[in-house]
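Q: The structure that follows is given in the form of structure tokens.
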């Protein structure tokens, strides 16, 4: 086992502590599910519903797409949502107004714990950056993310706080204005002179 792995994960957590916090009002909205087929017993407060074929789930600003979705209920409340596909995706507005996009082969959301586990070629993207790998644990309440730990590599890109400032020269001077290249009018082509009465 790699002895440096815990240190690398701690460094990643410090550098990339939070993409954003999920829209807090979304969890109080109705869950709307559309699919090609379902197998569901809504009279059982502790049951499971399976949706298959072009599944689309909308709750507030959250929108998820998957090949299949299993929704588990406990005491009449949604307890867990398991999305599978190539790839399952979600998009959600954050409390700060930014958007976060995620995709993975499997997205497993534990509702009471506010934990989303993305496995299989996941990628998370927000205004703060991107993170990609094979497994990520994302806390929708705190915004904390933990990637890696399974022996695979994690790729992270962190956007500068002010992207416009990052494009400025370090000495504070403004970049030179773009100039148009001088153009010279094209000379008309001349026909070669006819030779010998041809």
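Numbering (our numbering), first residue to last: 1362 to 1559.
In this text, a Cβ means the ideal position worked out from N, Cα and C, and glycines have one as well.
Keep in mind the model is a prediction, meaning the values are calculated, not measured.
1. Once DSSP output is grouped into helix, strand and coil, what is the label at residue 1321?
2. Spatial neighbours of residue 1424 within its chain, please: C-beta separation below 6 Å, excluding the five flanking residues on both sides.
3. What is the residue span of the beta strand (DSSP E) that residue 1466 lies within?
4. Three or more beta-carbon pairs under 8 Å between the region 1473-1484 and the region 1412-1430, yes or no?
5. Specify the secondary structure class of residue 1474 as computed by DSSP and reduced to three states.
6. Residue 1436 by DSSP, collapsed to three states: which one?
7. Beta-carbon within less than 7 Å of residue 1528's beta-carbon, same chain only, minus the 5 sequence neighbours each way: which residues are those?
8. Under the three-state reduction of DSSP, which class applies to residue 1393: helix, strand or coil?
9. Looking at C-alpha atoms only, which residue of 1438, 1387, 1467 and 1444 is the closest neighbour of residue 1421?
A: Based on what the coordinates show:
1. The chain is shown only over 1362 to 1559; residue 1321 falls outside these bounds and no answer can be derived.
2. Mapped onto the chain shown, residue 1424 falls at position 63. Same-chain partners within the cutoff: 1452.
3. For this step, residue 1466 is matched to residue 105 along the chain shown. It spans 1460-1471 - the beta strand (DSSP E) in which residue 1466 sits, taken as one unbroken run.
4. no
5. Reading the chain shown from its first residue, position 113 is the one you call residue 1474. It is coil, neither helix nor strand.
6. Taking the first residue of the chain shown as position 1, residue 1436 is located at position 75. Reduced to three states, the DSSP call for residue 1436 is coil.
7. The residue given as residue 1528 occupies position 167 in the chain shown. Any reading at residue 1528 must be qualified, since the residue scores a pLDDT of 48, below 50, and its modelled position is unreliable; no value is offered.
8. The residue you call residue 1393 lines up with position 32 of the chain shown. Looking at residue 1393 - three-state DSSP - the assignment turns out to be strand.
9. Counting from 1 along the chain shown, the entry for residue 1421 is found at position 60. Residue 1387 is the option with its Cα nearest to residue 1421.
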